[in-house]
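All remarks here apply to the structure that follows.
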Amino acid sequence: ECELANKDGHRLFVKGFGVSTGVRGFTRYGNRPKVAILDDLFTDKNAQSPTVVADIETIIYNAIEQALHPSKRKFIWTGTPFNKKDPLYKATYSKSWNASVYPVCNAFPCAEEDFVSAWEDRFTYESIKFTYDKLLDNGKIDGFNQELMLRIISDEDRIISPMDIIWYDRKEVLNNKHKYNFY
Numbered sequence: 004e005c006e007l008a009n010k011d012g013h014r015l016f017v018k019g020f021g022v023s024t025g026v027r028g029f030t031r032y033g034n035r036p037k038v039a040i041l042d043d044l045f046t047d048k049n050a051q052s053p054t055v056v057a058d059i060e061t062i063i064y065n066a067i068e069q070a071l072h073p074s075k076r077k078f079i080w081t082g083t084p085f086n087k088k089d090p091l092y093k094a095t096y097s098k099s100w101n102a103s104v105y106p107v108c109n110a111f112p113c114a115e116e117d118f119v120s121a122w123e124d125r126f127t128y129e130s131i132k133f134t135y136d137k138l139l140d141n142g143k144i145d146g147f148n149q150e151l152m153l154r155i156i157s158d159e160d161r162i163i164s165p166m167d168i169i170w171y172d173r174k175e176v177l178n179n180k181h182k183y184n185f186y
C-alpha cells in the first residue's frame, strides 16, 4: 500500500492485490479505484490449466471490471501471452481492448541489414541471432516466438502436425523425377 498527496492536497492511494486475492468491494476515501494494473497473471505451469485460465478470466471480467469506478476506469494489462486460450491473447485480438504489442524486433529470422530492434540499446542483431540459433538447435523455437516475438502457435491448434511435414532436397527430387508424380 502507498498513499501519495500532491501540493494541493489531492490524495492518491495505491494498493497491490494478487490475482486471486479479494479485490471485490475495495474502496478508499469512499471511492472505487479508477485504475487497475495487471501484470504477468500466469506462471508457465498454470497457463496450461483450463481451470486456472477460466478462474483468472472470471477475476478479470467479473471481479476487477466491476470493482473499478463505473464511469472512470482504466486497465493497463502487460504480460506475455502463453497460448491462444490465454485471456491476454484473447484481449489483444478483441475489438473491446486497445492493445499494443511490442516484439523484440520487426521480424526474425532476417538478414542483419534488414534487422530493426525495438530496443536497440538492449537487443542487437547478434544477441537475437544467438538466442534464436540456440533455441532452434534445442527444438525450443516456440519459446523464442512466444517470449521475444510475441507470436503464439499452439501445437494443439495446428491443422498440420510438424511430424506430418516431410522436408525434401529440391536437387534430389529433380534428379529423380521418375519417382514422383507432378501435378
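Each residue of the sequence shown is one higher than the one before, counting from 4 in my numbering.
Here a beta-carbon is modelled for each residue, glycine too, at the ideal position from N, C-alpha and C.
Between which residues of its own chain and residue i is the CB-CB distance below 6 Å, once the five residues before and five after are set aside?
i: residue 88; result: 56
i: residue 261; result: Beyond the ends of the chain as shown, which are 4 and 186, falls residue 261; an answer cannot be given.
i: residue 49; result: 55
i: residue 93; result: none
i: residue 133; result: none
If the criterion is Cβ atoms closer than 7 Å, does the pair residue i and residue j meet it?
i: residue 138; j: residue 144; result: yes
i: residue 86; j: residue 155; result: yes
i: residue 70; j: residue 17; result: no
i: residue 118; j: residue 135; result: no
i: residue 104; j: residue 77; result: no
i: residue 115; j: residue 90; result: no
Applying the 10 Å Cβ sphere with the 16-neighbour rule, what's the burial state of residue i?
i: residue 64; result: exposed
i: residue 53; result: exposed
i: residue 44; result: buried
i: residue 36; result: buried
i: residue 111; result: buried
i: residue 62; result: buried
In its own chain, which residues sit with a C-beta less than 8 Å from the C-beta of residue i, not counting the 5 before and 5 after it?
i: residue 106; result: 121, 151, 152, 153 and 154
i: residue 127; result: 120
i: residue 72; result: 34, 35, 36 and 37
i: residue 178; result: none
i: residue 4; result: 16, 17, 18 and 19
Am I right that residue i and residue j are in contact with their C-beta atoms under 8 Å? What's the rounded C-beta distance?
i: residue 188; j: residue 81; result: In this structure the chain extends from 4 to 186, so residue 188 is not present and cannot be described.
Between which residues of its own chain and residue i is the CB-CB distance below 7 Å, once the five residues before and five after are set aside?
i: residue 83; result: 149, 150 and 153
i: residue 183; result: 176
i: residue 181; result: none
Whole beta strand (DSSP E) elements within the segment 60-100, 3-residue minimum: 77-81
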